[in-house]
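Undergrad: Residue numbers (my numbering): 42 to 315.
The structure under discussion is supplied below as structure tokens; questions concerning it will follow.
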Amino acid sequence: MEKIKLASGHEIPMVGLGVFKAQNGQETEDSVKWALEAGYRHIDTAMIYGNEESVGKAIKESKVKREEIFITTKLWNEDIRQGSARQAIENSLKALQVDYIDLYLIHWPAKGFVNAWLEMEEFYKEGLVKSIGVSNFHKVHFDELLPKANIVPMVNQIESHPRLTNYDLINYCKDLNIEVQAWSPLGGGSTAKELLANDVLVSIGKKYNKSAAQVVIRWNIQRNVIVLPKSSNKDRIAQNIDVFDFELSKEDMKSIDNLNTNSRVGSHPENFNF
Ligand code: A2P
Numbered sequence: 042m043e044k045i046k047l048a049s050g051h052e053i054p055m056v057g058l059g060v061f062k063a064q065n066g067q068e069t070e071d072s073v074k075w076a077l078e079a080g081y082r083h084i085d086t087a088m089i090y091g092n093e094e095s096v097g098k099a100i101k102e103s104k105v106k107r108e109e110i111f112i113t114t115k116l117w118n119e120d121i122r123q124g125s126a127r128q129a130i131e132n133s134l135k136a137l138q139v140d141y142i143d144l145y146l147i148h149w150p151a152k153g154f155v156n157a158w159l160e161m162e163e164f165y166k167e168g169l170v171k172s173i174g175v176s177n178f179h180k181v182h183f184d185e186l187l188p189k190a191n192i193v194p195m196v197n198q199i200e201s202h203p204r205l206t207n208y209d210l211i212n213y214c215k216d217l218n219i220e221v222q223a224w225s226p227l228g229g230g231s232t233a234k235e236l237l238a239n240d241v242l243v244s245i246g247k248k249y250n251k252s253a254a255q256v257v258i259r260w261n262i263q264r265n266v267i268v269l270p271k272s273s274n275k276d277r278i279a280q281n282i283d284v285f286d287f288e289l290s291k292e293d294m295k296s297i298d299n300l301n302t303n304s305r306v307g308s309h310p311e312n313f314n315f
């Protein structure tokens, strides 16, 4: 599995399993178990998903060693606003049954994110977390954060898929040595069906004997974006990591880029109400 080295020196696998909306309990446990069996070594959760406990349980029960798995979780907005990051990370460590987290992210730029970041720098120095980053940050948020930060975020996890290629933000981050991760890479939950039926994606897939989802995942890898497809289905989980045996041509990459309509499926980072 291809990896990227973060500014911390730690490597992150290019494809991770997303578990947003997977129910705590059987659904999440099965998804993580199937993912590890299929070769995933990167799981992306968040406190607010409510399934850290099942992610932790599935990892513990698997035959894969903890240190071989890259685990991301995120600091939720309430904890950012209330200044309770320390309690939040302790709760996450406990729920996940681990003594360190690979990547801890500020989930959204909620009021108080600068102070939360300074606390996260402490967690990093203490070894509670191997790498730290942000999510849903735009330039305006970095403009506020960077003058106060001692450590530049190592990652920015943003909405990105062929309808929201997000190259301006990606290039801004890459210039700062901030690696980018794509959430809702397949077009997100109930709307993924529509994107994955797109003629351009389907016909590119046919050339390589791959599905539209595999084409989109591969497109992210080739544009150096870490990609977090969500699935709770055993076959689709396996399919989504079976993307290392083909390479999209320059023309195909361009055709996918051209599907951009700057359309979001999630909230706008500069105007969200949660
Ligand atoms: P399911 O969990 O039933 O597989 P995103 O990652 O953009 O949020 O998209 C997730 C949605 O896409 C989920 O509804 C998921 O459904 C579906 N999905 C995930 N992988 C595939 C795939 N390979 N083919 C078709 N749909 C997929």
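We put the beta carbon where it would ideally sit given N, CA and C, even for glycine.
Computed from a prediction, not measured in an experiment: that's the story for all the values here.
Does DSSP classify Thr86 as helix, strand or coil?
TA: coil
Undergrad: Restricting to runs no shorter than 3 residues, where is the beta strand (DSSP E) found entirely within the segment 175-244?
TA: 196-200 and 220-224
Undergrad: Could you round the C-beta distance between Ser225 and Val306 to whole angstroms and report it? I think they count as a contact, below 8 Å.
TA: That belief holds up - the Cβ atoms of Ser225 and Val306 are roughly 5 Å apart, short of 8 Å.
Undergrad: Can you name, in chain order, every residue of its own chain whose Cβ lies under 7 Å from the Cβ of Ser49, other than the five neighbours on each side?
TA: Lys171, Ser172 and Met195
Undergrad: Once you ignore the five residues that flank Ala157 on each side, which residues in its own chain have a CB closer than 7 Å to its CB?
TA: Leu116, Ile121, Ala126 and Ile147
Undergrad: How close, in whole Å, do the beta carbons of Asn197 and Cys214 come, if the pair is a contact with beta carbons under 8 Å?
TA: 5 Å
Undergrad: Does the beta-carbon distance from Leu58 to Ile100 come in below 9 Å?
TA: no
Undergrad: Below 8 Å, is the gap between the Cβ of Pro203 and the nearest heavy atom of ligand 1?
TA: For ligand 1, not one heavy atom lies less than 8 Å from the Cβ of Pro203.
Undergrad: Could you tell me the alpha carbon to alpha carbon distance between Asn92 and Phe61, rounded to whole angstroms?
TA: Phe61 has its alpha-carbon roughly 9 Å from the corresponding atom of Asn92.
Undergrad: Let me check you understand the geometry: is the CB of Trp224 closer than 8 Å to at least one non-hydrogen atom of ligand 1?
TA: yes
Undergrad: Any heavy atom of ligand 1 inside 8 Å of the beta-carbon of Gln64?
TA: no
Undergrad: Does the count of Cβ pairs from the segment 236-244 and the segment 267-274 closer than 8 Å reach three?
TA: no
Undergrad: Identify the continuous beta strand (DSSP E) that holds Leu146 and give its terminal residues.
TA: Ile142 to Ile147
Undergrad: For Met161 and Leu289, I'd like the C-alpha separation in whole angstroms.
TA: 38 Å
Undergrad: At a cut-off of 8 Å, is Lys271 close to ligand 1 when judged by its beta-carbon and the heavy atoms of the ligand?
TA: yes
Undergrad: Measure the alpha-carbon distance for Phe313 versus Gly153 and round it to whole angstroms.
TA: 15 Å
Undergrad: Return the Cβ separation of Thr206 and Asp293 in integer angstroms, given the expectation that the two are a contact with Cβ distance under 8 Å.
TA: Between Asp293 and Thr206 the Cβ distance is about 14 Å, and since that is not below 8 Å, they are no contact.
Undergrad: By a C-beta neighbour count over all protein chains shown, 10 Å radius and 16 as the cutoff for buried, is Pro188 buried or exposed?
TA: Pro188 should be labelled exposed.
Undergrad: Just grab the DSSP bridge partners of Val268 for me.
TA: Val56 and Ala223
Undergrad: So, for Tyr249: in the same chain, excluding its five sequence neighbours on each side, which residues have a beta-carbon less than 6 Å away from its beta-carbon?
TA: Residues Phe287 of the same chain have their beta carbon placed closer than 6 Å to that of Tyr249, with the five preceding and five following residues left out of the count.
Undergrad: Pick out the complete alpha helix (DSSP H) segments inside the segment 111-139, 4 residues or longer, and give them in chain order.
TA: 118-123 and 126-137
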